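K.L.:
I am attaching a structure below and will ask some questions about it afterwards.
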Amino acid sequence: MTAIPGMVWMPADHRLLGDHGHQMPFLLLGDKYARAVKVGAQAQPVMFPLADAAQVEELLPLVDGVMLTGSPSNVHPSHFDEDVTDPALPLDPERDSLTLALVRACVAHAVPLLGVCRGFQEINVALGGSLYQQVQNVPGRMDHREPKGAPFDEQYAPRHPIHLAPGSVFARWAGAETVMVNSLHGQGVNRLADGLRALAHAPDGQVEAFEVLGARSFAYAVQFHPEWRCWDNPFYGAIFRAFGDAVRERRANRLGLPVVA
Numbered sequence: 026m027t028a029i030p031g032m033v034w035m036p037a038d039h040r041l042l043g044d045h046g047h048q049m050p051f052l053l054l055g056d057k058y059a060r061a062v063k064v065g066a067q068a069q070p071v072m073f074p075l076a077d078a079a080q081v082e083e084l085l086p087l088v089d090g091v092m093l094t095g096s097p098s099n100v101h102p103s104h105f106d107e108d109v110t111d112p113a114l115p116l117d118p119e120r121d122s123l124t125l126a127l128v129r130a131c132v133a134h135a136v137p138l139l140g141v142c143r144g145f146q147e148i149n150v151a152l153g154g155s156l157y158q159q160v161q162n163v164p165g166r167m168d169h170r171e172p173k174g175a176p177f178d179e180q181y182a183p184r185h186p187i188h189l190a191p192g193s194v195f196a197r198w199a200g201a202e203t204v205m206v207n208s209l210h211g212q213g214v215n216r217l218a219d220g221l222r223a224l225a226h227a228p229d230g231q232v233e234a235f236e237v238l239g240a241r242s243f244a245y246a247v248q249f250h251p252e253w254r255c256w257d258n259p260f261y262g263a264i265f266r267a268f269g270d271a272v273r274e275r276r277a278n279r280l281g282l283p284v285v286a
């Protein structure tokens, strides 16, 4: 690894926190995501608070990768021409505005891109796909949500197998074509964007991983949560190591340095 690790832009969630009637806006990044980048990818997480879509072209050259994290909020269905089916579900239109533009810029400029859960969904929507707003209500689909109120170790425990495309990078990272993963999502891919190729499916056919076709750098996303203690799970760890390798390669190229694994 180079003396100064590559920097990974991690867009923040916008949330109101506090007692009812006394809530304040906060910009949040989950520790588990930042720690997976720091430990698993051996890179430095960075944030640009209040960055907006108009600043993407200016800020993106300053970093070596982008990770789009999971979140309690959902991608607003207006981005795939649908109305909100359940007003009780949380939304984050400010994040949508930034991340959908950021996805397209990463692909255009060959910036390593990793999407997890909401980030997986953002990539699909940014490139023209659509989502099921509530997978559990789709005939033939399982309930992919975690057991609410259970201890985190139970919420993030392996929940179901996924079947990986033979010969894909995911099959290589897993060392097998079937692997158990956790499951903590309500939304999921409905129509996969034309620029994506599915590389993993749940037993009910739900897309669990994809790649960006024709990408000139790392450009993968997963519906499950490999950030959860990625250092204890060989498959999850392999995903972040590969992302970190791509981040370091971009940093070396950006600064004219030799690439160091």
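In the numbering used here, the protein residues as written are 26 to 286. The beta-carbon is built from N, C-alpha and C at its ideal position, and this holds for glycine as well. Note that the coordinates shown come from a computational prediction; the quantities given were computed from them, not determined experimentally.
Tell me the DSSP secondary structure of Gly-144 in three-state form.
P.N.:
In the sequence shown, counting from the first residue as 1, residue 144 sits at position 119. In this structure, Gly-144 counts as helix in the three-state DSSP scheme.
K.L.:
How many whole angstroms separate the CB atoms of Ser-98 and Asp-44, which I take to be in contact at a CB cut-off of 8 Å?
P.N.:
If you number the sequence shown from 1, residue 98 lands on position 73. If you number the sequence shown from 1, residue 44 lands on position 19. The Cβ separation is near 20 Å, so there is no contact.
K.L.:
Which whole runs of the beta strand (DSSP E) in the segment 151-236 are 3 residues long or more, in chain order?
P.N.:
List check, beta strand (DSSP E) in window: 185-189, 203-206, 221-226.
K.L.:
Are there 16 or more other CB atoms within 10 angstroms of the CB of Ala-271, so buried, or fewer, so exposed?
P.N.:
Stepping through the sequence shown from its first residue, residue 271 is reached at position 246. It is buried - the Cβ of Ala-271 has at least 16 other Cβ atoms within 10 Å.
K.L.:
Take Val-100 as the anchor and find which of Asp-56, Pro-70, Asn-149 has the nearest alpha-carbon.
P.N.:
For the purposes of this step, residue 100 is taken as the residue at position 75 of the sequence shown. Of the candidates Asp-56, Pro-70, Asn-149, the one whose C-alpha sits nearest the C-alpha of Val-100 is Asn-149.
K.L.:
Which runs of the beta strand (DSSP E) spanning at least 3 residues fall entirely within the segment 32-86, listed in chain order?
P.N.:
If we require 3 residues or more, the beta strand (DSSP E) runs fully inside the segment 32-86 come out as 32-34, 38-42, 49-53, 69-71.
K.L.:
What residue range does the alpha helix (DSSP H) around Val-132 cover?
P.N.:
On the sequence shown, residue 132 is found 107 positions in, with the first residue counted as 1. Segment 118-134, the alpha helix (DSSP H) holding Val-132.
K.L.:
Using 8 Å as the threshold, is the C-beta distance between Gly-95 and Arg-143 below it?
P.N.:
As a working note, residue 95 is residue 70 in the sequence shown. As a working note, residue 143 is residue 118 in the sequence shown. Yes. Within cutoff.
K.L.:
Apply the 10 Å Cβ neighbour rule to Leu-93 and answer buried if 16 or more other Cβ atoms are within range, or exposed otherwise.
P.N.:
Walking along the sequence shown from the start, residue 93 turns up at place 68. Buried, by the Cβ-count rule.
K.L.:
Quick check: the segment 255-268 against the segment 189-200, are at least 3 beta-carbon pairs closer than 8 Å?
P.N.:
Flag = yes, the segment 189-200 and the segment 255-268 touch.
K.L.:
Please list, in chain order, all residues of the same chain as Pro-265 whose beta carbon is under 6 Å from its beta carbon, the five residues on each side excluded.
P.N.:
Numbered from its first residue, the sequence shown carries residue 265 at position 240. The amino acid at residue 265 is misidentified as Pro; the sequence shows Phe. Within the same chain, Phe-265 has close Cβ partners Ala-61, Gly-65, Ala-66, Cys-255.
K.L.:
Does DSSP classify Leu-280 as helix, strand or coil?
P.N.:
By 1-based counting over the sequence shown, the position of residue 280 is 255. Three-state result, Leu-280: helix.
K.L.:
Under the DSSP definition of a beta bridge, which residues are partnered with Leu-138?
P.N.:
As a working mapping, residue 138 is identified with position 113 in the sequence shown. In the DSSP output, where bridge partners are listed per residue, Leu-138 has Val-91, Ala-244.
K.L.:
Can we say the segment 183-193 touches the segment 126-134, given the rule of at least three CB pairs closer than 8 Å?
P.N.:
At 8 Å Cβ cutoff, the stretches do not touch.
K.L.:
Residues in the same chain with beta-carbon distance under 6 Å from Gly-154, minus the five sequence neighbours each way, listed in chain order, please.
P.N.:
Along the sequence shown, one-based indexing puts residue 154 at 129. Excluding positions up to five away in sequence, the list reads Arg-216, Leu-217, Ala-218.
K.L.:
If you count every other CB in all the chains shown that lies within 10 Å of the CB of Glu-233, and 16 or more means buried, which is it?
P.N.:
Walking along the sequence shown from the start, residue 233 turns up at place 208. Counting Cβ neighbours within 10 Å, Glu-233 comes out buried, since at least 16 surround it.
K.L.:
Here's the rule I'm using: 16 or more other beta-carbon atoms within 10 Å means buried, otherwise exposed. How should Leu-280 be labelled?
P.N.:
As a position in the sequence shown, residue 280 is number 255, starting the count at 1. Leu-280 should be labelled exposed.
K.L.:
Classify Trp-258 as helix, strand or coil using the three-state DSSP reduction.
P.N.:
Here residue 258 refers to the residue found at position 233 of the sequence shown. One point to set straight first is that residue 258 is Asn, not Trp, in the sequence displayed. Note: Asn-258 maps to coil in three-state DSSP.
K.L.:
Going by CA-CA distance only, name the one from Ala-267, Leu-282, Val-284 that's closest to Pro-137.
P.N.:
Mapped onto the sequence shown, residue 137 falls at position 112. Nearest option by C-alpha distance: Ala-267.
K.L.:
Find the nearest neighbour of Leu-52 within the set Ile-29, Val-71, Gly-46, judged by alpha-carbon distance.
P.N.:
For the purposes of this step, residue 52 is taken as the residue at position 27 of the sequence shown. Leu-52 has its Cα closest to that of Val-71, out of Ile-29, Val-71, Gly-46.
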